[in-house]
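Residue numbers (our numbering), protein chains in the order written: chain A, 1 to 334; chain B, 1 to 334.
No residue lacks a Cβ here, since even glycine has one placed at the ideal position from N, Cα and C.
Inspection log for the structure reproduced underneath, given as structure tokens.
There are 2 protein chains.
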Amino acid sequence: MAGLHRRKSRVTLHDVAHDAGVSIATVSYVLNKRGSVSEEVRKKVRRSAKNLGYQQNRAARAMKMGRSSIIGLVIPNIENPFFATLAQSVLLESQRRNYQVFLVDTEGSHESEEKAMQGLVAQGVDGIIVFPIDDSALKSAKSDQLPVVVLDRDTPNLDLVQAEYYAGGRKLAEHLQALGHKRFGMLEGPQVVTSARDRSRGFLDGLSKTSKIVWQQEHPFSMELSKSAEALLKKNNVSAIFCGNDLIALAAIAYLKNNDIRVPQDVSVTGFDDIQFARMMSPTLTTVHMPVAKMGVEAVNVLIRRLEETEAERTRSRIVLDVELIVRESTAPI
Amino acid sequence: MAGLHRRKSRVTLHDVAHDAGVSIATVSYVLNKRGSVSEEVRKKVRRSAKNLGYQQNRAARAMKMGRSSIIGLVIPNIENPFFATLAQSVLLESQRRNYQVFLVDTEGSHESEEKAMQGLVAQGVDGIIVFPIDDSALKSAKSDQLPVVVLDRDTPNLDLVQAEYYAGGRKLAEHLQALGHKRFGMLEGPQVVTSARDRSRGFLDGLSKTSKIVWQQEHPFSMELSKSAEALLKKNNVSAIFCGNDLIALAAIAYLKNNDIRVPQDVSVTGFDDIQFARMMSPTLTTVHMPVAKMGVEAVNVLIRRLEETEAERTRSRIVLDVELIVRESTAPI
DNA sequence: TACAACGAGTTATACGTTTAATCCACATTG
DNA sequence: CAATGTGGATTAAACGTATAACTCGTTGTA
């Protein structure tokens, strides 16, 4: 039985038309709910189409229409749960809206990001949603070729969807201070990244004069703890640690525990993002919940609106979503 | 500047032909490295193409050729790190081979899986790679419409790529027994799933007569621990626990720790899959490493081979990959 | 020398849609 | 009754590409 999969030449408009005894055009009109066709012909056509199992040939349609109904999604790393959730929501919403998605994982490299964007354009996608590696200007800023929605980084001329990072940072600062903390360590995300900067800024701005940053260091958004970070953690000279995201927090906590520094008894730790694992680890992680799924949905909405808008120039969208402080076990009163 | 993205009617073969002063066909031949064209014309054409920034119109090509160079990937849940890694490898390998991927996340529902397969066929993908929810026969077994490669579940007539689950189970049993364990608990994966069954079978077959299964329970492949599982864990009447996958193990360990049962001092715990987090948690997890990335690559290879094979009936592929026991901190001598 | 063979290009067609333009029969209206 | 309009259908062109079939010199060979 193997091998009989040769695509049996699919049934076309022509076949349906023949079966229903009408012209090709009529079938097209019926199926696209356009033009004026009598109710009875309508029924006949629909019946034939269903019987024969007609399926639109997307390639032909795409060619004729000049649009593919495909959108490109470019993310740095699908293995990061944050992006997995994001991708999922984009996928779902797109399908719901009758678009398909080309997903590209750039593995965190600028070069691939560049190539990915190029590639997608070449593939003929209608638009692109991109979560850029960092701020280094999406240079091939394709926006003149096709609509681009940028996640997370405010970029000139491009539609934007992001979250209230700054506010999130403040909330963490307030929460920790309310618990009595005064001496802080910071493992911030890469400061070339706006969203990481905003988190830090928010946190710092939220501190009162009596609070003190004992140490502060940049760290990649990953679970592999840097040597210098380990050195700082080992000092055990702060009562609370702000981490740029959940992955860093996760790694920090693991390291602290291995060095017999208890969380949260000896030191409180906070994350950022609220990935799925944040509430599964022990201690569960106090963090800032990002509306990831919502970001995905909004991005799709913005993009499709732009795709389907009339020629009328629409002004740039800038959607900023609320974040929420989630208090769990990794923070405690001093 | 916003809104000037109206797809500037892309440059076509026609434009290039005009610019190079040759016919459309010649350009096509040059670009596809077919037919016989003199070296000088070749150069001229390539130059024009590059200058004008010609990009193949995939839709037109797809229509003419009857193949889209797109493959569908259907997985249960992209948020599961295991599938994230799998997806990533499929994406990368596909791109390398000049195919694009439609990713569909079925969210673990049969209905969506069914619909996803249908949908992909309708979209005109050339072939499908699917990691099915469970064994309930991919009924719309599209294999007669187009090539399907199944991951993980042996399915009649379909190409298969999977891992040596059985052997993995045995290895765990042997490892634990070598450490002196004799009383075991099992939180197996859903037994409707072949791969889960194979893991359990391998484990059980690997036990000697003197070993004893104290309790055994099915559990979904997720991090949300069931009440009954918690009850069993609390009993604290075994020295080692076999978990159906890493997520279950993760949850179990968290629960045990919260109930002051130490891992591995009081009880050893094993996982299965070796997800990224397995070596980040504390204690790090003893587990069986699945060659996930390799599975993805192989699946793409098998599929593309079938797509591009000549009419000659090829026999069904059945690729089974080795797994590896990874010993970490969550298991210790009794 | 005549003719086959070949190399290098061109012409022409088909792929399956969408949709503007057209056609036709019939009803409405001045 | 002629002119006009209208609902309901058809015809035909176009989208951009791939490729089979063809043309036209030129070369090699019998």
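Exercise. So, is the C-beta of residue 97 of chain A closer than 8 Å to a C-beta in chain B?
Worked result: With 8 Å as the cut-off, residue 97 of chain A does not count as an interface residue toward chain B.
Exercise. Residue 304 of chain A versus chain B: which residues are under 7 Å apart at the beta carbon?
Worked result: Contact annotation for residue 304 of chain A against chain B: no contact, minimum CB-CB distance about 14 Å [criterion: below 7 Å].
Problem set entry | Proximal chain B residues relative to residue 104 of chain A, where beta-carbon distance stays under 8 Å | What residue 104 of chain A touches in chain B: 91, 95.
For this session: On a CA-only basis, which of A:189, A:66, A:88, A:64 is nearest residue 73 of chain A? Give me that one, please.
Result: Scanning A:189, A:66, A:88, A:64 for the CA closest to the CA of residue 73 of chain A turns up A:88.
Problem set entry | residue 164 of chain B vs residue 273 of chain B beta-carbon contact at 8 Å | No, the pair does not count as a contact, with Cβ atoms beyond the cut-off.
For this session: Answer yes or no: does any C-beta atom of chain B fall closer than 8 Å to that of residue 242 of chain A?
Result: Chain B, which has no Cβ nearer than 8 Å to the Cβ of residue 242 of chain A, makes this no.
For this session: Can you tell me which of the three DSSP states residue 207 of chain A falls into?
Result: Note: residue 207 of chain A maps to coil in three-state DSSP.
Exercise. Do residue 188 of chain A and residue 244 of chain A have their CB atoms nearer than 8 Å?
Worked result: Their beta carbons are under 8 Å apart, which means residue 188 of chain A touches residue 244 of chain A by this criterion.
Exercise. Which of the three DSSP states, helix, strand or coil, is assigned to residue 24 of chain A?
Worked result: Residue state, collapsed to three classes: helix.
Exercise. From residue 257 of chain B to residue 241 of chain B, what does the alpha carbon distance come to, in whole angstroms?
Worked result: Separation of residue 257 of chain B and residue 241 of chain B (C-alpha to C-alpha, rounded to the nearest whole angstrom) is 14 Å.
Problem set entry | Whole-angstrom distance between residue 212 of chain A and residue 185 of chain A, CA atom to CA atom | Approximately 9 Å, taken between the alpha carbons.
Exercise. In chain B, which residues lie less than 7 Å from residue 131 of chain A when you measure between Cβ atoms?
Worked result: The premise fails here: residue 131 of chain A is roughly 15 Å from chain B at the closest Cβ pair, so nothing lies under 7 Å.
Exercise. Given a threshold of 16 other Cβ atoms within 10 Å of its Cβ, counted over all protein chains shown, does residue 156 of chain A qualify as buried or as exposed?
Worked result: Label assigned to residue 156 of chain A: exposed.
Problem set entry | For residue 178 of chain A, the three-state DSSP class (helix, strand or coil) | Helix, per DSSP.
Exercise. What residue from A:93, A:308, A:37 has the CA that sits closest to residue 293 of chain A's CA?
Worked result: Taking each of A:93, A:308, A:37 in turn and checking the Cα distance to residue 293 of chain A, the smallest one comes out for A:93.
For this session: Would you decide whether residue 57 of chain B is buried or exposed? Buried here means 16 or more other CB atoms lie within 10 Å of its CB.
Result: Around the beta carbon of residue 57 of chain B, 16 or more other beta carbons sit within 10 angstroms, so the residue counts as buried.
For this session: Grab the span of the alpha helix (DSSP H) containing residue 219 of chain B for me, first residue to last.
Result: Where residue 219 of chain B is concerned, there is no enclosing alpha helix (DSSP H), because DSSP gives it neither an H nor an E.
For this session: Return the first residue and the last residue of the beta strand (DSSP E) that residue 159 of chain A is part of.
Result: Counting along the chain, the beta strand (DSSP E) containing residue 159 of chain A begins and ends at 159 to 163.
Exercise. To the nearest angstrom, how far is it from the Cα of residue 112 of chain A to the Cα of residue 106 of chain A?
Worked result: For residue 112 of chain A and residue 106 of chain A, the distance between alpha carbons rounds to 5 Å.
Exercise. Which chain A residues are close to residue 277 of chain B, counting only those with a beta carbon under 7 Å from its beta carbon?
Worked result: The answer, in chain order, is 277.
For this session: Using a threshold of 8 Å, state whether the C-beta atoms of residue 239 of chain B and residue 334 of chain B are closer than that.
Result: The criterion of a C-beta distance shorter than 8 Å is satisfied by residue 239 of chain B and residue 334 of chain B.
Exercise. In chain B, which residues lie with their C-beta within 7 Å of the C-beta of residue 21 of chain A?
Worked result: Counting only Cβ-Cβ distances below 7 Å, residue 21 of chain A has no contacts in chain B at all, with the closest Cβ about 25 Å away.
Exercise. Does residue 79 of chain B get closer than 8 Å to chain A when you measure Cβ to Cβ?
Worked result: With a threshold of 8 Å between beta carbons, residue 79 of chain B makes contact with chain A.
Exercise. Do you know offhand how far residue 77 of chain A's Cα is from residue 22 of chain B's?
Worked result: C-alpha of residue 77 of chain A to C-alpha of residue 22 of chain B: approximately 45 Å in a straight line.
For this session: Verify the CB distance criterion: does residue 101 of chain A have a CB-CB separation below 8 Å to chain B?
Result: True, the Cβ-Cβ gap to chain B drops below 8 Å.
Exercise. Do you know how far the Cα of residue 331 of chain B is from the Cα of residue 173 of chain B?
Worked result: Going by the C-alpha atoms only, they are around 12 Å apart.
Exercise. If we count Cβ pairs, one from each stretch, closer than 8 Å, do we get three or more for the region 249 to 267 of chain B versus the region 111 to 127 of chain B?
Worked result: Judged by Cβ distances under 8 Å, the region 249 to 267 of chain B makes no contact with the region 111 to 127 of chain B, as fewer than three pairs qualify.
Exercise. Should residue 125 of chain B go down as buried or exposed, given a rule of 16 or more other Cβ atoms within 10 Å for buried?
Worked result: Burial call: buried.
Exercise. By how many angstroms is the C-alpha of residue 131 of chain B removed from the C-alpha of residue 248 of chain B?
Worked result: Near 20 Å, if we compare the C-alpha coordinates of residue 131 of chain B and residue 248 of chain B.
Exercise. Given that residue 68 of chain B touches chain A, what residues does it touch there, using C-beta distances under 7 Å?
Worked result: Within chain A, the C-beta atoms nearer than 7 Å to that of residue 68 of chain B come from 59, in chain order.
Problem set entry | Cutoff 8 Å; reference residue 191 of chain B; Cβ partners in own chain excluding five residues on either side | Here the set comprises 197, 200, 218.
Exercise. Pairing CB atoms from the region 52 to 72 of chain B with CB atoms from the region 95 to 102 of chain B, are three or more of them under 8 Å?
Worked result: Taking a contact to require three or more Cβ pairs closer than 8 Å, the region 52 to 72 of chain B and the region 95 to 102 of chain B qualify as touching.
Problem set entry | residue 273 of chain B in three-state terms, based on DSSP | Here residue 273 of chain B sits in strand by DSSP.
Exercise. Which bits of chain B does residue 282 of chain A rub up against, with CB to CB less than 7 Å?
Worked result: Within 7 Å Cβ-Cβ: 254, 257, 258.
For this session: On the DSSP bridge assignment, give the partners of residue 186 of chain A in chain order.
Result: Per DSSP, the beta bridge partners of residue 186 of chain A are A:216, A:242.
Problem set entry | Beta-carbon proximity list for residue 16 of chain A, same chain, < 8 Å, skipping 5 on both sides | Answer for residue 16 of chain A: 27, 45, 48, 49, 52, 54, listed in chain order.
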